[in-house]
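So the structure is just underneath, and the comments pick up after that.
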Amino acid sequence: MISYDDILAWVRRFAAAVTANKAYLTELDSAIGDADHGINMDRGFTAVVGKLDGLASPDIGAALKTVGTTLVSTVGGASGPLYGMFFMQMGGAVTGKEALTLEEFATAFETGLGGVLRIGKAEPGDKTMVDALIPARDALRAAIADGASVSDAITRMADGAEQGMLATVPLVARKGRASYLGERSAGHQDPGATSSHLLLRSAAEVWAGR
Numbered sequence: 021m022i023s024y025d026d027i028l029a030w031v032r033r034f035a036a037a038v039t040a041n042k043a044y045l046t047e048l049d050s051a052i053g054d055a056d057h058g059i060n061m062d063r064g065f066t067a068v069v070g071k072l073d074g075l076a077s078p079d080i081g082a083a084l085k086t087v088g089t090t091l092v093s094t095v096g097g098a099s100g101p102l103y104g105m106f107f108m109q110m111g112g113a114v115t116g117k118e119a120l121t122l123e124e125f126a127t128a129f130e131t132g133l134g135g136v137l138r139i140g141k142a143e144p145g146d147k148t149m150v151d152a153l154i155p156a157r158d159a160l161r162a163a164i165a166d167g168a169s170v171s172d173a174i175t176r177m178a179d180g181a182e183q184g185m186l187a188t189v190p191l192v193a194r195k196g197r198a199s200y201l202g203e204r205s206a207g208h209q210d211p212g213a214t215s216s217h218l219l220l221r222s223a224a225e226v227w228a229g230r
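Under the working numbering, the first residue of the sequence shown carries the number 21, and numbering increases by one thereafter.
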């Protein structure tokens with residue numbers, strides 16, 4: 021089972037990873053975007069962490085919705101709406117739950133991804149965060165089908181995200197600010213896919229070997 025405390029530890033670990041990688045994410049974004057991805061994400065997750073201790077009850081759905089609404093209100097650019105939607109949709113899928121099975125987590129993840137796809141209108145190969153999230157989803161589903169433990173399944177999910185992130189390097193961007201560069205966007209790793217990998221790698225780091 022994945023507990024309420026596990027979820028909060030995941031969000032805190034990701035917030036710390038964003039802070040540690042703020043300059044790197046901004047550097048990636050400077051090559052093909054507005055040079056603000058790391059700065060915006062750090063601002064948003066600093067605000068998120070400030071909200072976590074004030075949550076009233078161990079409701080995973082409510083906690084994830086709080087993460088999402090905080091991001092929407094504090095993060096600029098495309099990242100706020102996309103990450104905000106991801107967490108709000110995840111939260112909506114598990115409202116009232118104090119612990120999740122691996123299957124419930126996977127369903128919530130897919131619901132969050134569906135929200136990102138809906139508002140971002142990106143497809144695989146467009147050189148966006150979707151290129152990390154879809155392989156992650158597929159790896160998680162495959163791990164569940166194999167009967168993997170939570171630790172192994174979440175690690176495989178993060179590995180899928182990493183492979184998807186690296187696969188964005190040769191792609192030509194078809195969405196967002198990077199699409200304005202056309203062929204010149206090839207050869208650069210997508211910053212949104214990179215932060216998405218950090219998100220899921222943070223879960224693997226927190227939940228591995230529990």
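Glycine included, every Cβ here is placed at the ideal spot set by N, Cα and C.
- Can you check whether the CB of L48 is closer than 9 Å to the CB of P211? yes
- Completely contained beta strand (DSSP E) runs for the region 84-116, where each covers 3 or more residues: Entirely contained in the region 84-116, not one beta strand (DSSP E) run reaches 3 residues.
- Query: Rounded to a whole number of angstroms, what is the C-alpha to C-alpha distance between G180 and A156?
  - Reply: 4 Å
- Given a threshold of 16 other Cβ atoms within 10 Å of its Cβ, counted over all protein chains shown, does E143 qualify as buried or as exposed? exposed
- Euclidean distance between Cα positions of M177 and A76: 30 Å
- Stretch pair the region 75-92 + the region 100-116: three plus CB contacts closer than 8 Å: yes
- By Cβ distance below 6 Å, which residues in the same chain neighbour L102 in space, the five residues on each side in sequence not counted? V136 and G140
- Query: Since A36 and L218 are thought to touch, with beta carbons under 8 Å apart, how far apart are those beta carbons, to the nearest angstrom?
  - Reply: Wrong, their Cβ atoms sit about 10 Å apart, outside the cutoff.
- Just mark G111 as buried or exposed, buried being the case when its beta carbon has 16 or more other beta carbons within 10 Å. buried
- Would you report the Cα separation of D26 and V226, rounded to the nearest angstrom? Rounded to whole angstroms, D26 to V226 spans 7 Å at the Cα level.
- Residue interval of the alpha helix (DSSP H) (run including T121): Neither: T121 is in no alpha helix (DSSP H) and is coded neither H nor E.
- Query: Straight-line CA distance for L122 to G132?
  - Reply: Cα to Cα, L122 sits roughly 15 Å from G132.
- Just curious, the alpha helix (DSSP H) that Q183 is in, first and last residue? V170 to L186
- Message: Let me confirm a value: M21 is counted as buried when at least 16 other C-beta atoms fall within 10 Å, else exposed. Which label applies?
- Response: exposed
- Excluding sequence positions up to five away, which residues of its chain have a Cβ less than 6 Å from the Cβ of A67? T90 and T94
- Query: If you draw a straight line from the C-alpha of D56 to the C-alpha of A159, how long is it?
  - Reply: 30 Å
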